[in-house]
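Residue numbers (this note's numbering), protein chains in the order written: chain B, 4 to 465; chain S, 1218 to 1584.
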């Protein structure tokens, strides 16, 4: 049940009606049942896994709060081990097994198991870990009502691909739940329409350029093709993932929950550090709070800071997928961040002036785009072929259709306007008919530019 | 509940905006003027435009409907060279890929007053209800062809005409939000607006000549033979491989049984045309054009077929089932389905002659 399908919106309509028509006390149960139903529609066989992790972390958090000393530490170790254990097994077993087999000179699939990656496991395990760690740190009270905790982990708008919601934010909304205001409804509905537009109109059409190229890189020689396909993927991944999170945030808003923003116009970033403050914010802040800072952050001298940056980004890369390509992508980001730090660039307080801003944006965009080659290419040798082609001479035609280039330019204009004038905020305060007109135009674009078949969101595979 | 009401109000208003914008763009003549001339809808519109403005010579007028077999095999211009001297004129409204379901709407548009023609000629692949399963009834291209002509009032009947529920859903959506149906054409237009405008202008200026002066295909299957005992086909060297495969496939797909679904489809779709001309003197002529470069060695009985059921209907004239079978010769065909220019020249005159003769005699009652 993809967010971009009519079936999902029918499901959401039923949830909305039940949630608002039923007595207030039933609200949490309705959302929990809806969330498990939503998950079961993907693959019901992973329900026990989701339930097991929920029970383990629920009990562990209460233990951590109630016990002291070794028992407390034991509880957090069990919880984190369970989360990372399941994640490691399902996501990384075959990767580790193939590398181990290669070391032994055996075929890569010698130790393979037919493991299917449970949907959303990377997201809900990070959410669980942050909750348990926050309880351990005393920054969050252990949740006593099992239904509340189960809902926090399984809440359907963000279950499969985030954003990674912090417990304190979620429970602040849940415990002091207020019906959404007119501004919430307008902003939430706008975000859903915008998310659908990003996904269906932009991402899926850019995928139509990028997918054939990356599906067989040797069949499409020449620099122009490579640059066009990498450009297409650069836009595809942004519109795909930010479209998904827009929908997720919008759905939650209509149910009275306020998820933090996950993308803040990342391709307008003027440095790599700036990019990571704007891209997948819930993941980058999670990595900062639960990995980079515990490793020492930037407090223990330059050398250790670079080490911490590299480690954080390498693990961030590996979080995305079990392959060397993702490790290299993470390493590449780590190197870029380290170089920026070394050169004193990317500091939040030292924004480039108006003259340097555009070149800085273009350079950052180019560097980020190069990184996406490792992210998208199916194998490491393919990545190297694409990288070589990127710097090769022109050959062939620019593969992105003119209509898509126009849409890309229009979205750039909208992004700049959003950056300067905060269009989203204005939407929430505008008269209802004008919001409906904006949503109508967005949905009309979906009607005109949709593909015949739904294409899954990229981040569902992580 | 108040919150739910607010959410639904905004959703409803937004959806109303979508329908309004869609209607503004696609339910007005705005977009139909720039349709790709070679697209299903564009070609249909061009044929329609040409036939609507055509001034018909002669006293009696016949419109020949049809798909690509008629578009390739029948020329109204050639037919008229024979027919005008007898006081008759012919017009062709053949559109490749169309079917009898489409012809109803074509007739509705070409002849809104139902006074333009004395007869409407409708071709059948065979008089037996040769099995095609639901293929003909479920052809989604019918929607693409007719999209500019279908209004909100047409939705129930048109959607019901597709037996498959999944196709029905698609068709309903494509009719409610026409932008979905126009999608490919629009993308094509946006990829090269200048080329599109040039093509559209060219068709607008030369459409009538293009349709009237089309000479037919110069390809020929002359020299082709079949050994029915072994099922082997022999082709002369000039025949391309793709054509050979298509010819062999056409014989392989010959289905030796009648199908009630095909019967029902014909009854419903032809029935609508008969209904359109109810209470008029317009005659509906059934005919079977030459089907294959060589006649198949077997034949399905027409007994109990839809066409047979119309014997005795005073408004229907049925030309003999085998009237044109002698034209099923390789030298008359360009491929397994379509007549070539030689076949076109002969068939146009013979069809005109048969129709004039049948209508002058008051119609034939046997198959």
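The beta-carbon is built from N, C-alpha and C at its ideal position, and this holds for glycine as well.
Counting the other Cβ atoms within 10 Å of the Cβ of residue 279 of chain B gives 16 or more, which makes it buried. Runs of the alpha helix (DSSP H) spanning 4 or more residues and lying entirely within the stretch 1272-1304 of chain S occur at 1285-1290 and 1293-1300, in chain order. Not a single CB atom of chain B sits nearer than 7 Å to the CB of residue 1369 of chain S. For residue 190 of chain B, no Cβ of chain S is located within less than 7 Å of the residue's own Cβ. For residue 23 of chain B, the C-beta contacts it makes with chain S under 9 Å involve 1218, 1219, 1220, 1221, 1222 and 1224, in order along the chain. Nearest CB-CB separation between residue 434 of chain B and chain S: not below the 7 Å threshold. With respect to the C-alpha of residue 1218 of chain S, the residue from B/14, B/25 and B/7 having the closest C-alpha is B/25.
The beta carbon of residue 450 of chain B sits closer than 7 Å to some beta carbon of chain S. A direct Cα-Cα distance of roughly 48 Å separates residue 1378 of chain S from residue 428 of chain B. Per the coordinates, the alpha-carbon of residue 321 of chain B lies some 42 Å from the alpha-carbon of residue 1220 of chain S. In summary, residue 1255 of chain S is exposed, with fewer than 16 beta-carbon neighbours lying within 10 Å of its beta-carbon over all protein chains present.
According to the DSSP assignment, residue 1232 of chain S belongs to the alpha helix (DSSP H) that extends over 1219-1243. At a cut-off of 7 Å between beta carbons, residue 1428 of chain S makes no contact with chain B. At a beta-carbon threshold of 8 Å, the residues of chain S lying near residue 185 of chain B are 1223, ordered along the chain.
The Cβ atoms of residue 239 of chain B and residue 211 of chain B lie no closer than 7 Å to each other. Taking CB atoms only, residue 1238 of chain S has a neighbour in chain B less than 7 Å away. Residue-level contact by beta carbon fails for residue 1389 of chain S and chain B, as no gap is shorter than 7 Å. Residue 296 of chain B is outside the set of residues whose beta carbon lies under 7 Å from a beta carbon in chain S. Here residue 1296 of chain S is buried, its C-beta having at least 16 other C-beta atoms within 10 Å. Its chain contains 336, 339, 340, 343, 349, 367, 370 and 371 as the residues whose beta carbon lies nearer than 8 Å to that of residue 275 of chain B, once the 5 sequence neighbours on both sides are disregarded; these appear in chain order.
As computed with DSSP, residue 1502 of chain S is found in a beta bridge with S/1338 and S/1534. When DSSP states are grouped into helix, strand and coil, residue 422 of chain B belongs to the helix group. Here residue 1318 of chain S is buried. Its C-beta has 16 or more other C-beta atoms within 10 Å.
For residue 9 of chain B and residue 409 of chain B, the gap between their C-alpha atoms comes out near 28 Å. Of the residues assessed, residue 55 of chain B falls on the exposed side of the cut-off, its CB having fewer than 16 other CB atoms within 10 angstroms. Rounded to whole angstroms, residue 199 of chain B and residue 256 of chain B show a C-alpha spacing of 16 Å. When DSSP states are grouped into helix, strand and coil, residue 1422 of chain S belongs to the helix group.
Beta-carbon to beta-carbon, residue 36 of chain B and residue 63 of chain B are separated by about 25 Å, too far to satisfy the 8 Å threshold. Residue contact check for residue 257 of chain B against chain S: a CB pair falls below 7 Å. Neighbourhood of residue 26 of chain B in chain S, by CB distance below 9 Å: empty, with the nearest CB roughly 11 Å away. Taken in chain order, the stretch 290-342 of chain B contains no complete beta strand (DSSP E) segment of 3 residues or longer.
Close partners of residue 1235 of chain S in chain B (Cβ separation under 8 Å): 443, 446, 447 and 450. Going by DSSP, residue 115 of chain B is part of no beta strand (DSSP E) at all; its letter is neither H nor E.
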